[in-house]
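Protein chains in written order, with our numbering: chain W, 8 to 594; chain A, 2 to 424; chain C, 10 to 244.
These notes concern the structure reproduced below.
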């Protein structure tokens with residue numbers, strides 16, 4: 008029998024980026040906010056201290072900052088005719104555990120989606136015709152436009168102190184920035200990071216190939232920065248231990264370095280860690296959330312009543328919770344009916360390794376230190392001759408040269424023995440890699456639901472993922488890879504190794520943690536779980552915030568858009584929802 | 002807003018009472034009890050009463066915090082208005098006698114861990130205001146803990162002798178040769194601020210050495226640097242604005258407050274208004290340098306430091322410190338304090354810098370600077386010799402100047418910290 | 010703003026079960042190198058197993074003119090300590106049934122923890138050798154050992170119980186880890202792996218150097234425990 012606790016105004020489930028933003032904005036509005044986090048509290052000192060954080064084995068290989076499949080995982084299959092099996096250890100994606108969530112361990116690659124990304128269906132149909140979109144591709148418009156989100160992208164960027172070069176200021180294209188980006192009202196808060204040798208060589212080759220390369224927007228501060236909340240950040244020193252690691256000198260944007268110092272001190276904010284939310288409770292009408300159930304480390308259950316429940320956990324955990332709580336109609340791929348779990352998507356990536364003559368010191372880097380071209384992203388090019396939907400960016404990132412996981416060897420290098428040693432000695436200091444980062448559309452057969460067999464430590468069914476790359480994605484990715492190879496050749500290296508993404512989607516090698524969909528936003532409750540303000544269609548005092556809202560995934564990394572949506576939802580709650588608590592959009 | 006005028010006038014009134022101020026700000030009638038409470042609240046910030054009179058997990062002003070002294074541990078008392086366990090039954094004369102003479106009701110002598118040798122300077126009116134504010138606090142029932150002092154210090158009568166030798170009772174007397182602002186600063190520093198209780202060296206009996214006021218001393222387990230005009234280990238290089246900024250926000254381009262001083266900034270000085278902080282700074286900048294001080298900023302390293310030690314220390318520095326304090330020792334102004342030109346690094350007693358390297362620290366959290374940037378502990382990572390070499394190096398590069406540090410010093414600091422943690 | 014010192018927040022936090030309180034500023038070493046109490050001189054391996062692994066890693070990354078190999082770098086010690094700790098126990102893996110063979114896209118579906126896989130496979134390999142009338146693996150010459158390792162890698166060598174390819178992949182992966190991880194874990198002794206490739210170790214400031222294009226970085230190699238590449242957590 009759960010112990011019932013005193014009520015709060017708002018309960019946030021999961022304490023990463025979206026919870027930190029919503030927590031800060033809603034406490035500023037005078038609400039009493041409680042955040043429940045399954046993992047432990049973490050802060051720069053002692054958890055990410057410079058004295059110990061650059062430990063590749065501990066953090067990147069043994070995954071100390073991530074969720075443990077033993078406690079939380081899912082089952083996976085490529086298609087419905089297979090039996091889904093548990094993801095027994097982390098591979099393709101590595102969700103976080105603990106306060107700050109993935110905001111702690113991300114690289115800091117921070118983008119705005121393109122204006123056309125938000126109008127994926129209507130824009131594609133308008134330019135290429137209805138029949139251009141395959142029948143089983145279930146892409147949708149988001150219900151919100153780039154222009155509406157622009158001020159919130161800006162707010163997230165000024166929260167973080169993004170280092171970058173504007174390419175489109177109020178419609179005027181500026182050299183040196185991304186000429187394809189949506190218009191921004193003002194420049195980035197900080198100038199771009201210092202250039203590494205690899206990015207300089209890429210820049211030169213890309214220009215020679217006729218492209219317009221630009222520095223990637225980085226949530227690694229190029230200068231000391233005091234943000235919108237008065238929180239002070241340091242300056243990146245290019246230590247090369249960004250992704251998978253916490254930042255030791257306050258120069259990577261994370262909830263810790265941008266929000267915690269002001270949020271955690273507030274009297275109307277409380278954080279409880281080591282508490283796992285297992286269910287959202289509804290009243291007898293099924294249309295109102297009354298709070299959540301959570302379990303403490305001893306296994307004791309608590310009922311936490313709240314007026315407003317916001318799911319701010321990692322994307323698929325939000326979907327899992329909706330399914331376990333019986334909120335919204337679960338998606339059925341056979342009939343195509345239902346919404347919770349539908350339109351799961353991911354990212355398709357490939358790379359071209361470039362073996363140079365010059366020493367490039369790969370171990371000097373930063374998570375978002377890169378140079379990119381955007382000519383083949385979104386609808387920045389004519390898809391007509393290509394006959395695929397989607398695109399991506401091509402970038403040379405110099406994020407680090409961590410010996411175990413970040414070395415690249417030529418295609419025919421032996422996998423072990425003296426030949427391997429020689430290949431390592433000859434190539435480690437002189438290798439860079441060009442990455443392609445491509446969109447994944449949504450399909451009828453890519454979805455999340457509850458597994459019939461496997462259970463978690465609370466006896467709840469695991470989430471089940473059914474997903475594979477479609478022909479559309481492979482062709483698009485090969486197209487990008489080919490373009491990347493062209494640039495690689497222009498770098499006049501000793502050798503290049505083109506690594507296309509081949510075959511089925513596999514859960515084994517790491518690719519990205521850009522899992523999207525399952526609780527998508529939209530204008531129609533028959534094809535979306537939340538409305539354009541990320542408010543549940545079924546339960547108006549429930550909001551679901553995260554990349555689970557993406558109707559399909561675009562070419563860029565998702566965090567910038569996740570941050571913008573969190574501010575957008577917070578704004579809707581403050582300016583509309585609090586005045587009259589009910590549906591903000593009529594169904 | 003009225004509160005600010007009330008604050009300024011409380012202190013200025015004390016000075017004005019001596020007839021020194023040429024043009025005193027308009028005085029607000031003291032009969033207003035609301036004004037008295039507000040002035041008292043401000044003075045309690047200035048006196049930093051909450052810091053000692055509140056235990057780590059305890060209720061505000063209810064006492065019980067252990068105060069380490071060289072003679073043993075004393076526990077702070079309950080100063081909430083509770084009639085049985087607090088000071089609710091004290092008259093205003095009782096309260097004034099405690100603050101002014103160091104004697105509690107029943108002729109009970111107080112130990113100078115309670116800084117009555119400084120609070121004695123406060124005017125009667127100010128002390129009454131403090132009491133007015135304290136009376137508004139919620140009463141907490143919490144009995145005072147007996148102190149843990151060995152005999153004969155456990156006998157409070159001993160204090161009579163101590164007071165006779167070392168305690169100079171008396172309200173603040175302005176110096177007619179100095180400006181009104183200087184006197185305001187003096188009143189704050191020598192009175193409510195009781196800065197000398199850490200920043201002045203003490204004699205064997207734990208009394209501050211009056212001839213060496215503010216030339217560096219010990220607070221809890223930390224060495225509090227000289228506030229004198231010395232260019233290396235005092236405030237000689239600091240401007241008035243540097244001092245104001247430090248007290249208001251916890252950091253400036255030259256240094257960051259940490260350890261007990263971070264608490265002082267958080268609980269006390271960040272709440273003082275700009276004029277008062279400016280007055281404090283003016284007073285401090287007028288302090289003389291100490292007799293062993295160095296006048297010239299560019300004085301060469303007079304110490305014969307072994308070059309091998311410096312090289313080893315430099316190695317440790319580059320490997321372990323440069324990520325924040327940067328290759329050139331300049332840190333990031335306002336973010337990571339510079340070690341170059343740093344008065345804590347060059348302090349006569351390197352105890353503080355050794356302590357920080359061992360245990361790490363978090364900077365002051367203030368309204369203007371809420372971040373609370375922290376430095377990690379190196380105790381597990383660097384052994385005593387490595388830290389000794391490192392600190393010796395820090396004290397002798399970039400124009401810095403300080404005697405070498407040996408490993409025994411590091412070892413003893415290490416065991417002091419361990420002992421304090423495990424108490 | 011009312012005057013509420015930070016201590017009061019600690020009091021509030023104590024009222025509800027929570028871990029959001031003061032954390033001592035102290036290094037908390039990971040459990041990765043903890044030893045399971047085991048009889049004998051090694052935390053996990055038997056003497057026979059250790060000899061096997063040492064011989065195997067000596068072939069995977071040999072000692073040669075480029076410098077020390079995995080054996081000299083202490084990789085067998087590294088693997089031994091890893092298997093004795095949470096990694097060996099698959100402490101963070103989902104190890105609940107039912108157990109089924111999956112597609113290769115579905116990844117590791119063995120019921121065996123890494124420690125169990127090693128123990129089973131090592132015994133199986135030596136049993137295989139015996140069946141083939143060969144000496145135990147550790148006693149064979151280098152060429153024969155290479156042949157056998159290639160056979161495990163390809164799956165041509167079929168073991169009685171352990172899946173050969175899975176075992177080989179794990180062994181190779183752990184060998185690379187041991188050769189290139191921080192020496193505090195027992196491998197990469199004397200920074201053998203890092204010196205081979207030119208990785209200077211965990212350093213936090215390349216502000217000046219990152220724009221010195223094409224220049225070799227000259228600072229001495231350093232590990233988390235300092236410039237002495239023989240310092241491990243246990244020493």
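From the three backbone atoms N, C-alpha and C, an ideal C-beta is built for every residue, glycine too.
Keep in mind the model is a prediction, meaning the values are calculated, not measured.
Quick one: measure Cβ to Cβ for residue i and residue j, integer angstroms, because I've assumed they're closer than 8 Å.
{"i": "residue 120(A)", "j": "residue 111(A)", "result": "Not a contact, Cβ separation roughly 10 Å."}
{"i": "residue 229(A)", "j": "residue 147(A)", "result": "That belief does not hold up - the Cβ atoms of residue 229(A) and residue 147(A) are roughly 38 Å apart, past 8 Å."}
{"i": "residue 500(W)", "j": "residue 216(W)", "result": "Not quite, the Cβ-Cβ distance comes to about 14 Å (not below 8 Å), so this is no contact."}
Can you name the residues of chain W whose CB is closer than 9 Å to the CB of residue i?
{"i": "residue 382(A)", "result": "58 and 59"}
{"i": "residue 161(C)", "result": "Neighbours of residue 161(C) on chain W: none; closest Cβ ~11 Å, over 9 Å."}
Start and end of the alpha helix (DSSP H) containing residue i?
{"i": "residue 277(W)", "result": "From DSSP, residue 277(W) is part of no alpha helix (DSSP H) but of the beta strand (DSSP E) over 276-280."}
{"i": "residue 51(A)", "result": "50-54"}
{"i": "residue 593(W)", "result": "No alpha helix (DSSP H) contains residue 593(W), which DSSP labels as neither H nor E."}
{"i": "residue 268(W)", "result": "267-270"}
{"i": "residue 386(A)", "result": "385-395"}
{"i": "residue 566(W)", "result": "566-579"}
Should residue i be flagged as near chain A, meaning a C-beta pair shorter than 8 Å?
{"i": "residue 51(W)", "result": "yes"}
{"i": "residue 217(C)", "result": "yes"}
{"i": "residue 242(W)", "result": "yes"}
{"i": "residue 114(W)", "result": "no"}
Does the Cβ of residue i have 16 or more other Cβ atoms within 10 Å, making it buried, or fewer, making it exposed?
{"i": "residue 422(W)", "result": "exposed"}
{"i": "residue 166(A)", "result": "exposed"}
{"i": "residue 164(C)", "result": "exposed"}
{"i": "residue 465(W)", "result": "exposed"}
{"i": "residue 87(A)", "result": "buried"}
{"i": "residue 356(A)", "result": "buried"}
{"i": "residue 132(A)", "result": "buried"}
{"i": "residue 419(A)", "result": "exposed"}
{"i": "residue 240(W)", "result": "buried"}
{"i": "residue 57(C)", "result": "exposed"}
Which chain W residues are close to residue i, counting only those with a beta carbon under 8 Å from its beta carbon?
{"i": "residue 370(A)", "result": "237 and 239"}
{"i": "residue 339(A)", "result": "By Cβ distance, chain W contributes nothing, its closest Cβ being about 13 Å from residue 339(A), past 8 Å."}
{"i": "residue 333(A)", "result": "231, 241 and 242"}
Going by DSSP, what residue range makes up the beta strand (DSSP E) through residue i?
{"i": "residue 550(W)", "result": "549-551"}
Taking only beta-carbon positions, decide if residue i is within less than 8 Å of chain C.
{"i": "residue 277(A)", "result": "no"}
{"i": "residue 204(W)", "result": "yes"}
{"i": "residue 484(W)", "result": "no"}
{"i": "residue 419(W)", "result": "no"}
{"i": "residue 7(W)", "result": "Look at the range of chain W in this structure, 8 to 594, and you will see that residue 7(W) is not part of it."}
Chain C partners of residue i, CB-CB under 7 Å?
{"i": "residue 101(W)", "result": "What residue 101(W) touches in chain C: nothing, since even the nearest Cβ is about 12 Å away."}
Quick one: which chain A residues come within Cβ less than 7 Å of residue i?
{"i": "residue 165(W)", "result": "Here the premise fails: no neighbours, minimum Cβ distance about 16 Å."}
{"i": "residue 255(W)", "result": "324"}
Can you list the residues of chain C that residue i reaches, using a CB-CB cut of under 9 Å?
{"i": "residue 324(A)", "result": "212, 213 and 214"}
{"i": "residue 49(A)", "result": "By Cβ distance, chain C contributes nothing, its closest Cβ being about 10 Å from residue 49(A), past 9 Å."}
From the beta carbon of residue i, is the nearest beta carbon of chain W less than 8 Å away?
{"i": "residue 252(C)", "result": "Lying outside 10 to 244, the shown extent of chain C, residue 252(C) is not represented and no answer is given."}
{"i": "residue 190(C)", "result": "yes"}
Mind pulling the chain W residues with CB within less than 7 Å of residue i?
{"i": "residue 377(A)", "result": "52, 53, 56, 57 and 58"}
{"i": "residue 185(C)", "result": "411"}
Cβ closer than 8 Å: which chain A residues qualify as neighbours of residue i?
{"i": "residue 268(W)", "result": "366, 371, 372 and 373"}
For residue i, which residues in chain A fall below 9 Å Cβ to Cβ?
{"i": "residue 166(C)", "result": "By Cβ distance, chain A contributes nothing, its closest Cβ being about 45 Å from residue 166(C), past 9 Å."}
{"i": "residue 246(W)", "result": "324"}
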